[in-house]
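Here is the structure we will look at.
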Amino acid sequence: MAAPKESSRCATERPSKGKREEAEKLAAVMEPRLGPIHKAGMHMLLATSSQDDFLDHARKSVEIYEAILTNDLTAVQRAQLEEVLANAKDVLERARGDQSAIDREISKKLTTMTMSQLHDAQIQEMHDRLQAEAEAEQMKYEVPSPPDSD
25 MAAPKESSRC
35 ATERPSKGKR
45 EEAEKLAAVM
55 EPRLGPIHKA
65 GMHMLLATSS
75 QDDFLDHARK
85 SVEIYEAILT
95 NDLTAVQRAQ
105 LEEVLANAKD
115 VLERARGDQS
125 AIDREISKKL
135 TTMTMSQLHD
145 AQIQEMHDRL
155 QAEAEAEQMK
165 YEVPSPPDSD
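Here the sequence shown is numbered in the working numbering, starting from 25 and rising by one per residue.
Right, dumping it as structure tokens:
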């Protein structure tokens, strides 16, 4: 499944959620002049640092490295790329393990909650997220008060 196309401007507008570094990495991945090796490397970075879509980034990294291996490469280039691909596959396996643990935790919580409790928890989570975003937005516009001059 292909990721939706975004402009790098959209990706860099995400920092309001406290994810500036991730937004910059996403913008770099979407840079059309970025070569496949660097793009795969950026996906691998995102797979190890992103809280969202880490599994997709790990898969994409492996996919790109495997595609590069089909090119005409020197023996040294091939050996180096195979080593990087092995690292990317390790990252993918860890991402799969992390996703499985997350899925198990979610299933565990869902099996112990009634629909009403689940709904209440979702509403509370949404409220908390909106509150945090509103506070972060307000902090951008607050002017620090001058120190007391006693």
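Just so you know, even glycine gets a beta-carbon here, dropped at the ideal spot from N, CA and C.
As assigned by DSSP and simplified to three states, the class of Asn95: coil
Three-state secondary structure (DSSP) of Gly59: coil
Short Cβ contact (8 Å threshold) for Leu70 with His62: In this structure, His62 does not lie closer than 8 Å to Leu70 by Cβ.
Same chain only: Cβ atoms within 6 Å of Asn95, ignoring 5 sequence neighbours per side: The beta carbon of Asn95 lies closer than 6 Å to none in the same chain, with the five residues before and after it left out.
For Arg102, the nearest candidate out of Ala112, Tyr89 and Lys113 (CA to CA): Tyr89
Distance cut-off 7 Å: Met139 Cβ against heavy atoms of the ligand SAM: Within the structure as shown, the ligand SAM is missing, as the structure has no ligands at all.
Inter-residue CB distance, Leu109 and Val86 (contact presumed, cutoff 8 Å): 7 Å
Cα-Cα separation, Met137 to Gly65: 41 Å
Span separating the alpha-carbon of Gln141 from that of Ala158: Between Gln141 and Ala158, the C-alpha separation is close to 25 Å.
Cβ pair Leu116, Arg83 closer than 8 Å: yes
Gln101 (DSSP reduced to helix, strand or coil): helix
Residue environment, Ile92, which counts as buried when at least 16 other CB atoms sit within 10 Å: Ile92 is buried by the Cβ-count criterion.
Ala119 and Leu79 closer than 8 Å at C-beta: A Cβ-Cβ contact shorter than 8 Å links Ala119 with Leu79.
Integer Cβ distance of Glu46 from Ser74, believed to fall under 8 Å: 6 Å
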